[in-house]
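**Student:** Counting in this note's numbering, the sequence shown runs without a single skipped number right up to 340 at its last residue. Positions of the beta carbon are idealized from the N, C-alpha and C atoms, including for glycine.
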Amino acid sequence: MGVEVRVEGLTKSFGGHPVWADVSLTLPVGEISVLLGPSGTGKSVFLKTLVGLLKPDRGSIWIGDRDLPRLSERDLYEVRRLFGVLFQDGALFGSMNIYDNVAFPLREHTRKPESQVRAIVQQKLEMVGLLGAEDKLPGQISGGMRKRAGLARALVLDPEIILFDEPDSGLDPVRTAYLNQLIIDLNQQTEATFLIVTHDINTARTVPDNIGLLYHAHLAMFGPREMLLSSEEPVVRQFLNAQRIGPIGMAEEKDADELEAEAASGVELPPLPPIPSQLQPSNGGPRRAERPPGQWCRDNGVTPPPGSFEMNTPVAGRHAADTHEYPPGTLYQSEVPS
Ligand SMILES: Nc1ncnc2c1ncn2[C@@H]1O[C@H](COP(=O)(O)OP(=O)(O)O)[C@@H](O)[C@H]1O
Ligand SMILES: [Mg+2]
Numbered sequence: 003m004g005v006e007v008r009v010e011g012l013t014k015s016f017g018g019h020p021v022w023a024d025v026s027l028t029l030p031v032g033e034i035s036v037l038l039g040p041s042g043t044g045k046s047v048f049l050k051t052l053v054g055l056l057k058p059d060r061g062s063i064w065i066g067d068r069d070l071p072r073l074s075e076r077d078l079y080e081v082r083r084l085f086g087v088l089f090q091d092g093a094l095f096g097s098m099n100i101y102d103n104v105a106f107p108l109r110e111h112t113r114k115p116e117s118q119v120r121a122i123v124q125q126k127l128e129m130v131g132l133l134g135a136e137d138k139l140p141g142q143i144s145g146g147m148r149k150r151a152g153l154a155r156a157l158v159l160d161p162e163i164i165l166f167d168e169p170d171s172g173l174d175p176v177r178t179a180y181l182n183q184l185i186i187d188l189n190q191q192t193e194a195t196f197l198i199v200t201h202d203i204n205t206a207r208t209v210p211d212n213i214g215l216l217y218h219a220h221l222a223m224f225g226p227r228e229m230l231l232s233s234e235e236p237v238v239r240q241f242l243n244a245q246r247i248g249p250i251g252m253a254e255e256k257d258a259d260e261l262e263a264e265a266a267s268g269v270e271l272p273p274l275p276p277i278p279s280q281l282q283p284s285n286g287g288p289r290r291a292e293r294p295p296g297q298w299c300r301d302n303g304v305t306p307p308p309g310s311f312e313m314n315t316p317v318a319g320r321h322a323a324d325t326h327e328y329p330p331g332t333l334y335q336s337e338v339p340s
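If you want it as structure tokens, here you go:
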């Protein structure tokens, strides 16, 4: 069972330059949250701050009654065991085979006998569809497999909170669809609290329960998926719908002149696209944290864009339903070397 992470007024700067300031959000127990933002807005810095690898200038990160930035090294070491982190490139040791990479945290943090280590490693490799790749070195497998090996390693200590740094970067759309399905299935099985950093809009639109957007050194918005996908707030609307028109320019923010010219030219924003259905676990069962489609909109008197929550809503050129049509057990088999 996951735990809640409550971030309050978090601020981080490097050499006097703020990366982001006054970030407050709550990752609800067992839910999947996505953090979006243009490159360089400090998404990776945020994850590293959450696990205590970087110290914030100000603010709190509450896990139960413990405030991470205020813990002693010793207590922080304890709390870190609650976290599983999948770093951007998998962060595997290049000279160790996949088995030893995945076993590493167990050998480092526990005194389990090798027979138990083996059982756990096999179980996690199976969860991510990597059984059979134990003897390979990271350099001998594809980028997608490295990410899944990194994920298996993040899972071996049975974390309550799992952080993913761009799990989909560098993957083709099909592999991204598989990985997203894997994330949903893992959430169902582990009931851990998930935070996924991504800039894949399709992932953000279909996978999470909650979405946050970092922009211009602030958290522009954080809340339920339906709230952001129906939002008219210009930055949120532009980013989540991948539009050119809006406050975000090619290089960070558009200046006042550009925005004025845009307004004067009378260009109209395209209508909000339908809110797609959320990706479902592949075994057909529910996730504990799942909410019925449209509930947030109904509860808040918001009319979702026409066509929302229909199974075959087109999303960025493909179908939201596509990704869970693969029968379970077929995950990645074609990718595992014999
Ligand atoms: N250890 C560090 N020291 C100094 N600056 C850093 C460090 N880590 C990241 N930064 C800076 O913080 C900003 C945000 O980086 P990052 O979190 O990697 O962005 P994102 O993951 O959103 O692309 C960048 O300007 C980066 O150069
Ligand atoms: Mg990053």
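Is residue 141 buried or exposed, if buried means 16 or more other CB atoms sit within 10 Å of its CB?
**Tutor:** Exposed is the call here.
**Student:** Going by Cα to Cα distance, which pick from 124, 10 and 53 is closest to residue 197?
**Tutor:** Closest option to residue 197, Cα to Cα, is 53.
**Student:** Roughly how many whole angstroms lie between the Cα atoms of residue 93 and residue 47?
**Tutor:** About 16 angstroms.
**Student:** Below 6 angstroms CB to CB, which residues in the same chain sit around residue 165 once its five sequence neighbours on both sides are set aside?
**Tutor:** Within the same chain, residue 165 has close Cβ partners 49, 87 and 197.
**Student:** For residue 293, which residues of its own chain have a beta-carbon under 8 angstroms away from its beta-carbon, when the five flanking residues on both sides are left out?
**Tutor:** These residues qualify, in order along the chain: 211 and 226.
**Student:** What's the C-alpha gap between residue 300 and residue 277?
**Tutor:** Looking at the two C-alpha atoms, the distance is approximately 14 angstroms.
**Student:** Under 6 angstroms Cβ to Cβ from residue 291, same chain only, skipping five residues before and after it: list those, please.
**Tutor:** Hits under 6 angstroms: 32, 33 and 211.
**Student:** With which residues is residue 223 paired in a DSSP beta bridge?
**Tutor:** In the DSSP output, where bridge partners are listed per residue, residue 223 has 215.
**Student:** What residues in its chain sit with their C-beta under 8 angstroms from that of residue 287, if we drop five residues either side in the sequence?
**Tutor:** Counting only Cβ-Cβ distances below 8 angstroms, and skipping sequence neighbours, we find 190.
**Student:** DSSP three-state call for residue 152: helix, strand or coil?
**Tutor:** Of the three classes helix, strand and coil, the one that applies to residue 152 here is helix, per DSSP.
**Student:** For the region 162-179 against the region 128-138, are there 3 or more C-beta pairs whose distance is under 8 angstroms?
**Tutor:** Taking 8 angstroms as the limit for Cβ pairs, the verdict is that the region 128-138 does not touch the region 162-179.
**Student:** To the nearest angstrom, how far is it from the Cα of residue 19 to the Cα of residue 183?
**Tutor:** Distance between the alpha carbons of residue 19 and residue 183 is about 38 angstroms.
**Student:** Using a threshold of 8 angstroms, is the CB atom of residue 45 nearer than that to any non-hydrogen atom of ligand 2?
**Tutor:** Residue 45: yes, Cβ under 8 angstroms from ligand 2.
**Student:** Take residue 24 as the anchor and find which of 280, 235 and 220 has the nearest alpha-carbon.
**Tutor:** With distances taken between Cα atoms, residue 24 lies closest to 220.
**Student:** Three or more C-beta pairs under 8 angstroms: does that hold for the region 63-77 against the region 170-179?
**Tutor:** Contact between the region 63-77 and the region 170-179 is absent, because fewer than three Cβ pairs lie under 8 angstroms.
**Student:** Write down the C-beta distance between residue 5 and residue 203 rounded to the nearest angstrom, noting that I regard them as a contact closer than 8 angstroms.
**Tutor:** Not a contact, Cβ separation roughly 29 angstroms.
**Student:** Leaving aside the five residues before and after residue 8 along the sequence, list all residues of the same chain whose C-beta is less than 6 angstroms from its C-beta, in chain order.
**Tutor:** Here the set comprises 28 and 64.
**Student:** Taking its Cβ as the centre, do 16 or more other Cβ atoms sit within 10 Å of residue 244, making it buried, or is it exposed?
**Tutor:** Exposed, because fewer than 16 other Cβ atoms sit within 10 Å of the Cβ of residue 244.
**Student:** Within this structure, are the beta carbons of residue 186 and residue 38 separated by less than 9 angstroms?
**Tutor:** No, the pair does not count as a contact, with Cβ atoms beyond the cut-off.
**Student:** Take residue 274 as the anchor and find which of 262, 117 and 235 has the nearest alpha-carbon.
**Tutor:** Looking at the Cα atoms, 235 is the closest of the given residues.
**Student:** Quick one: what's residue 197 bridged to in DSSP?
**Tutor:** Answer by DSSP bridge pairing, in chain order: 35 and 165.
**Student:** Ends of the alpha helix (DSSP H) at residue 185?
**Tutor:** Note, residue 185: alpha helix (DSSP H), 175-192.
**Student:** Look at the alpha carbon of residue 319 and the alpha carbon of residue 43, and state the distance between them as a whole number of angstroms.
**Tutor:** The predicted model places residue 319 with a pLDDT of 38, which falls under 50 and marks its position as unreliable; any figure quoted below should be read in that light. Going by the C-alpha atoms only, they are around 27 angstroms apart.
**Student:** Below 6 angstroms CB to CB, which residues in the same chain sit around residue 232 once its five sequence neighbours on both sides are set aside?
**Tutor:** Here the set comprises 304 and 306.
**Student:** Is the closest heavy atom of ligand 2 to the C-beta of residue 202 under 8 angstroms?
**Tutor:** No, since every heavy atom of ligand 2 falls outside the 8 angstroms radius drawn around the Cβ of residue 202.
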